[in-house]
Structures are given as C-alpha cells and as structure tokens.
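Asks: My structure is below; once you've seen it, I'll send some questions.
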Amino acid sequence: MDCAWVRIFGLLLAMAAKAKSQNAIIDPIKDALFLHNFIQTNNTLQDCVFRPYNVKEMCPDPDIRYVLYTNGEKQVYSHTQTDWLRQSIWDPLKEDMLLVHGYAGGDDTLPINVLRDAYIRNGSYNTWVLDWGALGEAPCYRAAVNNMRAVARCTGDFLTILRTAGLPTEKLTCVGHSLGAHICGLISKYVLFRMHRIVALDPARPLITNQVKLNSGDAAAVHVLHTNAGHYGEGGRGGHVDFCINGGRIQPYCENGDIDAQLCSHIWAICYMAESLVPHLQKKAEPCARRCPSGPRPGNRVGIPMMMGQSTPLTAAGSYCIHDKEPPYCPKKAGHIGDSRCCLKPPESPPPARRFWG
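One point on numbering: in our numbering, the residue at position 183 of the sequence shown is 187, and numbering is uninterrupted.
Structure follows, in structure tokens:
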C-alpha cells in the first residue's frame, strides 16, 4: 500500500510539474503555495542535510548567509573580512531588522521577499535577511526543523561579532515567519545579551517540540501574529502579545477553492506585517479572549485597541483580535500601495455549458 501511494504521489507531482512548465507566466502566489521550488527541485529525501547543533566549530556555516539591504544597496556579510561592519553599507542611524524565512525559503524567495521589499521600500531600516535556504530545502522538512538550532547558533555568533563591532543589538528586531519565528527565539540561547524584540509571523506547528518552540522568555518583547493557528501555525498564547487575525485559523480571502486555504492562510501573515509598515494602512485590533484560534465571535473585551505589526508597543501584553475580509497589502485594496504578490485572484468561473441546439 505504501509503495502504491508513493507511485501515485510521484505521478501527481509529475503532472503538476508538466502543467507548470506549460505556463509561461507563473502566478507568484501559487508558486509560493507550492513552497516555491518543491515541484521543480531534483532533491530527494536522500539529499537532505542534517547539521549537528551542539558543535560550535560548525560556525560559520557556508550554507548560512546574511544579506544586508540599506540606502538602496545590497551587501553579503563576509566573516573573513576584518572590521566588516565599519566598512560595509550599514547605516548606524537606522534601526536594524533581521528577517528569517521558513521552510523552502531564501533571501530572494517567496514569501519572505515580499516583506524584505516592504522594508526596503520603507527606507527607515537596515534590513538584514538570514538566508538558511540550503539547510531547509524541500522536501526536507524534518531536516529543516533539525537544522534550526544550528542556524540559531551560527546567527548568535554573527550577532555577537556585530555587537562587538558597534551594532546596537538592544534595538534589533528579529522578524521570523513559520520556522523562522522559532529560529528568532532559539538565537536567544546562543547570545550573552538580551534579545530586544521578536515578531513571530504564524510560527510553525508541525514537528515543533518544546525544546525549540518560541516563547515569551526569548526576548524583552515577543509579538505573535496568528493566521493559521492549529494547522501550519502554532495555537494558543506564544508571546507577550498575540494577535488573532480572522479567528486565527483560516483567512476568508483564502477560501476561494482554487488554492490550499490552510497554506494560503499561513503565508499571508507576511502580508499583514508588510502592510503595517505603511502608516495609513496600519490596523488596530481589539482586546479579546485568551486563546487563538477562536470562534467567529471571540468575545471582545473592554480595553484600548492595539496597533498590530511594526508599530505594536514594546510594552504590549495580552490577546487581541481583528477581523479583515480583504487581502492585506494588496494594491487593489489599498489605494495602489502594497505588493501585487499579496493579492489573490478571484475564483475562476466555470466555462459556460455547451449548447447542442440553436
């Protein structure tokens, strides 16, 4: 039975790959929902890379890159270059944001590049991207989960070097999506300073144990946005403040029948964070029940609304709910401001019935 299932699954992938190759224009959203390179990859489970996390000598790791974007320029960190920070494009007058992608991601891969581009467009930040894509390639999810601690260890070393060189880590924010959210938390175990702020975008749930799971003790402020809690994303309270978006489980604009509603909901946490970088598009959430996901009426409580995303106060605490039926950060919905990759096409209409008369 298992062999038969493997053959059927292989045929389905082959059919999908063939259909994809026949289209000159790839829908970026559907590309992201396929986890980008999953269908195109030649990798097999035998190609998966497992890094030991308890061997300090593994760092720096050639499969982990740190890419800096600021003032319209891009530069890749080099551990062999002494005094790299001072000679780099880094702007000491700007706040530092470290973006961490999830499974099957990378610096220039959907969906994290939507958020990267939003920060670059904003222009107020040194935007660092932790690219660990070579250690989290499809179909190697189990290896990706295993490798999170190795990535965090090496990133801890990287941040310690930058801190010594003058980067104010007390103002650094780590923004992680899916597995990347847990990596932000794990970094705190490999540095001697207190992490400033973590923004967790629908932190991943599958195969995540308490040993690697993000928690509110990982930084002075831990903010969590839930868009697919209980499925691809973690449920319950995960930070000092948790935002439950549209009940936290399924986003309404993902239920059009053409895409995987669960994965779509998980990915769209990125677009909510990107939208929060535009002042007049920022959303406020209402105080609500403690747990996410919640039902259609989570039981709003009396209290002051809270800004969600980039402008959430560092002192924020509690649970907040927000209801938003439109795709966030979609230019069609936001007055031509945003990213078209955050838009969703309406469901395709069935072809008209063929007439055999008249």
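For each residue, glycine too, the CB sits at the ideal point set by N, CA and C.
What would DSSP say about Asn-41, mapped onto helix, strand or coil?
Replies: Position 37 of the sequence shown holds residue 41. The predicted position of Asn-41 is uncertain, since its pLDDT is 41 and thus under 50; a value taken from the coordinates is nonetheless stated next. Residue state, collapsed to three classes: coil.
Asks: Identify whether His-227 lies in helix, strand or coil by the three-state DSSP scheme.
Replies: Your numbering for residue 227 matches position 223 in the sequence shown. It is a strand residue.
Asks: Put His-270 into one of helix, strand or coil per three-state DSSP.
Replies: Your numbering for residue 270 matches position 266 in the sequence shown. In the structure shown, His-270 sits in a helix (DSSP, three-state: H, G or I).
Asks: Between Glu-174 and the rest of its own chain, which residues show a CB-CB distance below 6 angstroms, the 5 nearest in sequence each way excluded?
Replies: Within the sequence shown, the letter at position 170 stands for residue 174. So the list reads His-200, once near-sequence residues are dropped.
Asks: How big is the Cα-Cα spacing for Val-179 and Asp-246?
Replies: Stepping through the sequence shown from its first residue, residue 179 is reached at position 175. Stepping through the sequence shown from its first residue, residue 246 is reached at position 242. Approximately 14 angstroms, taken between the alpha carbons.
Asks: Going by the CB atoms, is the gap between Arg-345 and Pro-172 shorter than 9 angstroms?
Replies: Walking along the sequence shown from the start, residue 172 turns up at place 168. Walking along the sequence shown from the start, residue 345 turns up at place 341. The answer is no: Cβ separation not under 9 angstroms.
Asks: Between the alpha carbons of Thr-231 and Thr-86, how many angstroms are there, rounded?
Replies: On the sequence shown, residue 231 is found 227 positions in, with the first residue counted as 1. On the sequence shown, residue 86 is found 82 positions in, with the first residue counted as 1. Roughly 42 angstroms separates the two Cα atoms.
Asks: Grouping DSSP H, G and I as helix and E and B as strand, with all else coil, what is Asn-130?
Replies: The sequence position of residue 130 within the sequence shown is 126, counting from 1. Reduced to three states, the DSSP call for Asn-130 is strand.
Asks: For Arg-153, which option in Phe-54, His-327 and Ala-169 has the closest C-alpha, if you only look at C-alpha atoms?
Replies: As a working mapping, residue 153 is identified with position 149 in the sequence shown. Checked all of Phe-54, His-327 and Ala-169; the closest Cα to Arg-153 is Phe-54.
Asks: Counting only runs of 3+ residues fully inside the region 50-100, write out the beta strand (DSSP E) ranges in chain order.
Replies: With a minimum length of 3 residues, the continuous beta strand (DSSP E) runs that stay inside the region 50-100 are 69-74 and 77-80.
Asks: Name the residue from Asp-343, Leu-89, Thr-316 and Cys-158 whose alpha carbon lies nearest to the alpha carbon of Ile-187.
Replies: Numbered from its first residue, the sequence shown carries residue 187 at position 183. Of Asp-343, Leu-89, Thr-316 and Cys-158, the residue nearest in Cα terms is Cys-158.
Asks: Taking 8 angstroms as the threshold, find out whether the region 49-68 comes into contact with the region 115-133 through three or more Cβ pairs.
Replies: With a cut-off of 8 angstroms, the region 115-133 and the region 49-68 do not count as touching, because too few Cβ pairs lie within range.
Asks: Taking only runs that begin and end inside the region 102-155, name each unbroken beta strand (DSSP E) of 3 or more residues, in chain order.
Replies: Here the runs fully enclosed are 129-135.
Asks: Using only the alpha-carbon positions, how far apart do Pro-317 and Met-311 sit?
Replies: Locating residue 317 in the sequence shown gives position 313, where the first residue counts as 1. Locating residue 311 in the sequence shown gives position 307, where the first residue counts as 1. Taking the straight line from one Cα to the other gives about 8 angstroms.
Asks: Assign Arg-90 to one of two classes, buried (16 or more other C-beta atoms within 10 Å of its C-beta) or exposed (fewer than that).
Replies: For this step, residue 90 is matched to residue 86 along the sequence shown. Burial call: exposed.
Asks: DSSP state of Lys-288, grouped into three classes?
Replies: Residue numbering aside, residue 288 sits at position 284 when the sequence shown is read from its first letter. Of the three classes helix, strand and coil, the one that applies to Lys-288 here is strand, per DSSP.
Asks: If you drop the 5 nearest sequence neighbours on each side, which residues of the same chain put their C-beta closer than 6 angstroms to that of Asp-121?
Replies: Locating residue 121 in the sequence shown gives position 117, where the first residue counts as 1. Answer for Asp-121: no residue qualifies.
Asks: Thinking C-beta only, is Asp-222 closer than 9 angstroms to Leu-190?
Replies: As a first step, residue 190 is located in the sequence shown; it is residue number 186 there, counting from the start. As a first step, residue 222 is located in the sequence shown; it is residue number 218 there, counting from the start. In this structure, Asp-222 lies closer than 9 angstroms to Leu-190 by Cβ.
Asks: Given 8 angstroms as the limit, is there contact between the region 132-140 and the region 291-300, that is, 3 or more CB pairs closer than that?
Replies: With the cut-off at 8 angstroms, the region 132-140 and the region 291-300 do not touch.
Asks: Put Phe-162 into one of helix, strand or coil per three-state DSSP.
Replies: Working through the sequence shown from its first residue, we reach residue 162 at position 158. Phe-162: helix per DSSP, three-state reduction.
Asks: Is it right to say Gln-215 is buried, meaning 16 or more other beta carbons lie within 10 angstroms of its own, or is it exposed?
Replies: Working through the sequence shown from its first residue, we reach residue 215 at position 211. Gln-215 is exposed by the Cβ-count criterion.
Asks: With a 10 Å radius around its C-beta and 16 neighbouring C-beta atoms as the bar for buried, classify Thr-319 as buried or exposed.
Replies: Along the sequence shown, one-based indexing puts residue 319 at 315. Flag for Thr-319 reads exposed.
Asks: On the criterion of 16 or more Cβ atoms from any shown chain inside 10 Å, does Asn-151 qualify as buried, or is it exposed?
Replies: For this step, residue 151 is matched to residue 147 along the sequence shown. That one is buried.
Asks: Nearest to Ala-156 by alpha carbon, out of Ala-142, Arg-125 and Gly-106?
Replies: In the sequence shown, the residue the question calls residue 156 occupies position 152. It is Gly-106 whose Cα lies nearest to the Cα of Ala-156.
Asks: Please report the residue range of the alpha helix (DSSP H) in which His-186 lies.
Replies: Looking up residue 186 in the sequence shown gives position 182. Element bounds for His-186: 183-191.
Asks: Under a three-way DSSP split, which group does Ala-204 fall into?
Replies: Taking the sequence shown and counting its residues from 1, one reaches residue 204 at position 200. Three-state result, Ala-204: strand.
Asks: My output table needs one value for Gly-221: the three-state DSSP class, helix, strand or coil.
Replies: As a working mapping, residue 221 is identified with position 217 in the sequence shown. Gly-221 falls in the helix class under three-state DSSP.
Asks: Within 10 angstroms of the Cβ of Val-203, are there 16 or more other Cβ atoms? Answer buried if so, exposed if not.
Replies: As a position in the sequence shown, residue 203 is number 199, starting the count at 1. By the neighbour-count rule (16 or more Cβ atoms within 10 Å), Val-203 is buried.
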